[in-house]
Amino acid sequence: MNNDLSLHAQFAKVWDNLPGWGQLAAVNHTSISRRFMLTGTVFFIIGGVLAMLIRSQLALPDQQLISPALYAQLFTMHGTVMMFLFAIPILEGAAMYLIPKMIGTRDLVFPRLSALGYYCYLFGGMIIMASLFLGVAPDSGWFMYTPLSSAEFSAGPGSDFWLLGITFVEISAVSAGVELTVSILRTRAPGMSLSKMPIFCWYILAMALMIVFGFPPLILASILLELERAAGMPFFDPSAGGDPILWQHLFWLFGHPEVYIIFLPAAGIVSTIIPVFAGRPLVGYRWIVLAIITMGFVSFGLWVHHMFTVGIPQLAQAFFSLASMLVAIPTAIQIFAWIATLWTGRVRFELPMLWMFGFLFIFVCGGLTGVMLALVPFDWQVHDTHFVVAHFHYVLIGGMLFPLIGGLYYWLPHLSGRMPSMHMGKWAFWLIFIGFNATFLMMHLTGLLGMPRRVVTYEAGLGWDWLNMLSSFGSFIMASGFGMLILDVVLHFRYGQKAPFNPWQADTLEWATGTPPTSYNFLSLPTVSTRHPLWDKPDLQATIRDGAEGLKSIGHGRRELYGTEAVTAQLREVIHLPTHSWLPLISALFLAALCISLLSRAYAIALGVAVLATVSLFRWGWVNGAHKVIAPLTEQEHQRDEPPLHSRTMNGPGLWGMVVTLLSDGSLYLSLLFGWLYLWTVAPGGKVPDVSSISISMMMLSGVFLTIAVFVYRRMVRSLRVGSANNLPSKLICVFSFGGLHLLTLIYVVVTSDLAITDNAHDATLFVMLMFLLFHSSIAVVTSGLQTLRAHKGYISQLLPYEPAVFSPFWLFTLAIFWLSFGSFLILPLVW
Amino acid sequence: MFKQAVKLASPAVAISLLGCNGHYSILDPAGPNAQKVMWLWWGMFIVASIVLLGVCAVWWYAMKKPHKDYTAKEVRGLTNRLVIVGGIGLPVVCIAALLGFGIPAGHSMLPWPNEQTIKINVHAKQWLWEVSYPAHRIQLQDKVILPAGIPVDIQVTSEDVIHSFWVPRLGGKIDAIPGRTNVLRLQGDKPGVYGGQCAEYCGFAHAKMKFEVTVLPEQEFTQWLAAQQREK
Chain R
316 MNNDLSLHAQ FAKVWDNLPG WGQLAAVNHT SISRRFMLTG TVFFIIGGVL AMLIRSQLAL
376 PDQQLISPAL YAQLFTMHGT VMMFLFAIPI LEGAAMYLIP KMIGTRDLVF PRLSALGYYC
436 YLFGGMIIMA SLFLGVAPDS GWFMYTPLSS AEFSAGPGSD FWLLGITFVE ISAVSAGVEL
496 TVSILRTRAP GMSLSKMPIF CWYILAMALM IVFGFPPLIL ASILLELERA AGMPFFDPSA
556 GGDPILWQHL FWLFGHPEVY IIFLPAAGIV STIIPVFAGR PLVGYRWIVL AIITMGFVSF
616 GLWVHHMFTV GIPQLAQAFF SLASMLVAIP TAIQIFAWIA TLWTGRVRFE LPMLWMFGFL
676 FIFVCGGLTG VMLALVPFDW QVHDTHFVVA HFHYVLIGGM LFPLIGGLYY WLPHLSGRMP
736 SMHMGKWAFW LIFIGFNATF LMMHLTGLLG MPRRVVTYEA GLGWDWLNML SSFGSFIMAS
796 GFGMLILDVV LHFRYGQKAP FNPWQADTLE WATGTPPTSY NFLSLPTVST RHPLWDKPDL
856 QATIRDGAEG LKSIGHGRRE LYGTEAVTAQ LREVIHLPTH SWLPLISALF LAALCISLLS
916 RAYAIALGVA VLATVSLFRW GWVNGAHKVI APLTEQEHQR DEPPLHSRTM NGPGLWGMVV
976 TLLSDGSLYL SLLFGWLYLW TVAPGGKVPD VSSISISMMM LSGVFLTIAV FVYRRMVRSL
1036 RVGSANNLPS KLICVFSFGG LHLLTLIYVV VTSDLAITDN AHDATLFVML MFLLFHSSIA
1096 VVTSGLQTLR AHKGYISQLL PYEPAVFSPF WLFTLAIFWL SFGSFLILPL VW
Chain L
4 MFKQAVKLAS PAVAISLLGC NGHYSILDPA GPNAQKVMWL WWGMFIVASI VLLGVCAVWW
64 YAMKKPHKDY TAKEVRGLTN RLVIVGGIGL PVVCIAALLG FGIPAGHSML PWPNEQTIKI
124 NVHAKQWLWE VSYPAHRIQL QDKVILPAGI PVDIQVTSED VIHSFWVPRL GGKIDAIPGR
184 TNVLRLQGDK PGVYGGQCAE YCGFAHAKMK FEVTVLPEQE FTQWLAAQQR EK
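Which chain is which? The protein sequence lines are R and L, in order. Reading the first sequence from the start, the letters are residues 316 to 1147 in this note's numbering. Reading the second sequence from the start, the letters are residues 4 to 235 in this note's numbering.
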């Protein structure tokens, strides 16, 4: 026993956060995800207060409680806060909290990235909120349709707050997407093959990949609109060859998958809770996995259903209409699989199940009105009315918030070690359920009677009066329910009964971490042989705690976990993680300063902090691999009975992280390519000039240098793979030199081009493409330079071939986008 | 067929009794397009209500029914039946029916080439509607006059930001987008005055960006056209 305690103490010494202010340097997933969820709750309360103000203004006809200008800020900020600062971050937080515990590991695979993501979210959220307190909040609606959001029609800084702030917050979403994907694929407990993975992980994997692909179109759109506002590049101005509809395409290309990004984790909660309370395994696991994957793909093919009234060709409308309706199939498959689980189980009706039923009613209702809206002629009538407002609140509150609260009650014992009580929880449920339906059920009718959304007030006598009064009344009941819910949760932390081990008799590993969990989750890492480890091995928690499972050595002082094969989960390597670090906070602070200086149009300062941010990020990259504070080469590491450390291999999490990041990057590039082709072929004033304003021959020369650099780099990686590190530094210098020549030629091309970037959208788009290439080439060249230094320092060698392998895909990506751009942006218009 | 129609119409009657046949009500159509959408709505409403209540009832029953032990084979059979019938069959049938009614309805509302139509230009700007009859050189503001029973093509453009032209009792809406001309086919059957409004948020006075559509009997419309031109 004494021995065990000391083992625990040793683990705690390595894994616990620093005390006091040192908490700010924490990278541990449990700490970071709690901060995500707590911050998300604060933003939820703020968003809720905004909603209450909206409903107060609409309670009576012809009210003048709130001015039209303030009202526009309120509804814009309500949508923005709820979507970007509440729904996505809180679900990411929940996923970051649960995923490592569910897959039987100790932390997420890029802990410093978790911390960076959190700080970007926090600072970005604070910047956006600041606009509200300064009275200059964005006021063009949460989807920021241009030209209303453009410099001409929104002269103040409101739109800039939205575009820059949200892009900043999205860093956190995308980094969480990358991190969750790689964690799920590469750090599952040995034996937990994909088909034995808890169903929740499938949902989160789908969500994470959808974030990776779905957010870049919006990031690109925000960059373009900000460039238009700040530098006068006319991407969306029809008089200069741009098109405001391009914004809508890019926005909804993100915006629709976003709805499923929010729904999938919530559905994952439902799929986790229902089998536990039915006391049997989830029925139709394979059906559900199939449904999740289908949903992920289909959700990228229906963005145009938000745009049926912009005058899209009829055939396209029919296609997007059908695709939108087809989403009903994977949704219905899940609902009927849940019903089958309940049907064949022995159901215990606990508090979370009440929320599950509320979810079912509200979400099915929202889904059905969604199918109606997919029908084009019906959409032409109710689009942009309160019918749509009612519909998406049914989908989002029913499909996301109700499961989330059910999940909150379900995992409360895990967070606090105490049980929730049924009494107040029941009251909160009924207040919220009744209040919600009172607010939104009859709002469908308000829309059918013709009330458009986003009107600051309305005349009496149109039949809308009593409906609006009812909605406002209901919203206050709902708000009181949320008040009671928050009170219940807060009180439970103090007065709740102590939770026994695995209080709901669940099957998944997170309940084996101890409640509340230790900083390292598992003292020893279990091997899994079934989909329900805790049902099949009831003493698993004890054997984990007693150190009878894997990877229990800690004397080396590293944070370690197992890396496994993506599909089969066979043990491959030991992944060592960085410990607490100030670099994420410092980098996020510089990025926040960058955001603020861009907002205040202080471009000299912006340049300065951008350099500082870059330096701190490269410093972060430097403290990695075999660096002396991370995992220097030692003799002992070969003597222990574990697989090799990942930084001694060529296929570790870094490579996976790189590839997933490049998928996201590729999505951004494809969005740009889409924008280019769209402006050329679809935009009303779209055309390309007869002669290229860019020197084709110099571009080709630049491309040749790049091709040589990439060729040498790839050959070097290939020989490392077979164990040869001959002339490593000189090969890296060769790559660096050719890369540098490529970069210099590219800069020459940009400087000597006569692009009229403020006169026409075509040249502006070309300019963005060139900047995109420059950005990637610069990173590639600087990193290769740094790798030369690392080879000198001995961080890259025959025994340490890791880093060149990680960076190799980046060079390949840089090469691919270069020639693709050359072909499609420069050559295609000439040969057309 | 008649009985069915009466049954379908009864909610509509109930709604009008509640005093909801408003100036902007989709449920109180005055033209063929709006009428078709109203029927689509009531059809969808009834089917959707049945599906919603049915799914909730099955869920509730599954949760509350007395427990029974099932063999693995029975569970598999039950799952496949539920998932295939409920998860695939139900949505496929509903979607097929919906498209069967919806596609022809939508098709018939499009501005197909038609000699008979009258063309009217509507130019939206913050925050008013400039209406002109190009063939007759008539200009109006926030007012549209239409002949009853004759299809009209409204050619919608915008001066500044995106607006949306919408007369709920006559038919669907179309966006007014800078740089583009969108065409909306409308037809009013019953003479009367109908409310129109901007449906896309377009700035602070969005809520006040309204207009009126007057549908005149064909003869009166011709007289009105003549009178307008005489005034010139």
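Think of the CB as a built atom: it goes at the ideal place given N, C-alpha and C, for glycine as much as any other residue.
query                                                                                                               : result
Residues bridged to L/ILE141 (per DSSP)                                                                             : L/TYR136
Given R/SER639 as reference, the closest of L/GLN142, L/TRP227, L/TRP132, L/LEU102 once Cα atoms are compared       : L/LEU102
Residues near L/ALA15 in its chain [Cβ-Cβ closer than 8 Å; skip 5 each side]                                        : Because L/ALA15 sits at a pLDDT of 49, beneath the cut-off of 50, its placement in the model cannot be relied upon, and the point is left open.
Distance between beta carbons of R/PHE693 and L/LEU173, contact taken as under 8 Å                                  : So it is not a contact: roughly 15 Å between Cβ atoms.
Min CB distance R/LEU675 to chain L below 7 Å                                                                       : yes
C-beta neighbour in chain L for R/TRP602, strict 7 Å                                                                : yes
C-alpha distance - R/ALA655 paired with L/LYS193, whole-angstrom precision                                          : 52 Å
Residue range of the alpha helix (DSSP H) that includes R/CYS1049                                                   : 1043-1067
Positions along the region 166-194 of chain L whose CB lies within less than 7 Å of some CB in chain R              : SER167, PRO171, GLY175, LYS176, ILE177, ASP178, ILE180, PRO181, GLY182, ARG183, ASN185
Near-chain L residues of the region 582-609 of chain R (beta-carbon distance less than 7 Å), N- to C-terminal order : VAL598, GLY599, TRP602
Close Cβ partners of R/ILE534 (< 7 Å) along its chain, the five nearest in sequence each way excluded               : THR482, GLU485, LEU983
Contacts that L/GLU221 makes with chain R (C-beta to C-beta distance below 8 Å)                                     : Here the premise fails: no neighbours, minimum Cβ distance about 26 Å.
Residues that R/GLY456 contacts on chain L, provided the C-beta gap is smaller than 8 Å                             : TYR204
Residues bridged to R/VAL889 [DSSP beta-bridge criterion]                                                           : R/TYR877, R/LEU960
8 Å contact criterion, which R/SER1112 and R/ALA1040 should meet: CB distance rounded                               : 6 Å
Local conformation of R/SER767 per DSSP, three classes                                                              : In the sequence on display, residue 767 of chain R carries Pro and not Ser. Three-state result, R/PRO767: strand.
Beta-carbon neighbours of R/PRO999, restricted to chain L and to distances below 7 Å                                : GLY182, ARG183
Cβ pair R/LEU970, R/VAL1121 closer than 7 Å                                                                         : yes
Where L/GLU215 sits in the DSSP three-state scheme                                                                  : strand
Where L/VAL16 falls: helix, strand or coil (DSSP)                                                                   : Low confidence applies to L/VAL16: its pLDDT is 48, below 50, so where it sits in the model is not reliable enough to give any reading.
7 Å Cβ cutoff, R/ASP699 in contact with chain L                                                                     : yes
Classification of R/TYR810 by the beta-carbon crowding that lies within 10 angstroms, buried from 16 upward         : exposed
Cβ-based contacts, 8 Å cut-off: residues of the region 51-63 of chain L near chain R                                : ALA51, VAL54, LEU55, VAL58, CYS59, VAL61, TRP62, TRP63
Below-7 Å beta-carbon distance, L/HIS126 vs any chain R residue                                                     : no
Where R/PHE1051 falls, given that 16 or more other Cβ within 10 Å makes a residue buried                            : buried
Whole-angstrom C-beta distance between R/THR684 and R/PRO645, which should lie under 8 Å                            : 18 Å between Cβ atoms; not a contact.
Proximal residues to R/LEU406 (C-beta, below 6 Å), its chain only, five neighbours per side dropped                 : PRO580
Proximity test, R/GLY722 beta-carbon vs the ligand SAM heavy atom, cut-off 6 Å                                      : Questions concerning the ligand SAM fall outside what the structure shown contains, since it holds no ligand whatsoever.
Whole-angstrom distance between L/GLY191 and L/GLY199, CA atom to CA atom                                           : 13 Å
Counted within 10 angstroms of its Cβ, other Cβ atoms place R/GLU950 as buried (16 or more) or exposed              : exposed
Inter-residue CB distance, R/PHE788 and R/ALA753 (contact presumed, cutoff 8 Å)                                     : 7 Å
Whether R/HIS620 touches R/PHE635 by CB criterion (7 Å)                                                             : yes
Contact with chain R by L/VAL216, beta-carbon distance below 7 Å                                                    : no
Where the alpha helix (DSSP H) containing R/ILE970 begins and where it ends                                         : Note that residue 970 of chain R corresponds to Leu in the displayed sequence, not to Ile. R/LEU970 -> alpha helix (DSSP H) spans 968-996.
Neighbour list for L/HIS70 in chain R, Cβ cutoff strictly below 7 Å                                                 : ARG661
Where L/GLN232 falls, given that 16 or more other Cβ within 10 Å makes a residue buried                             : exposed
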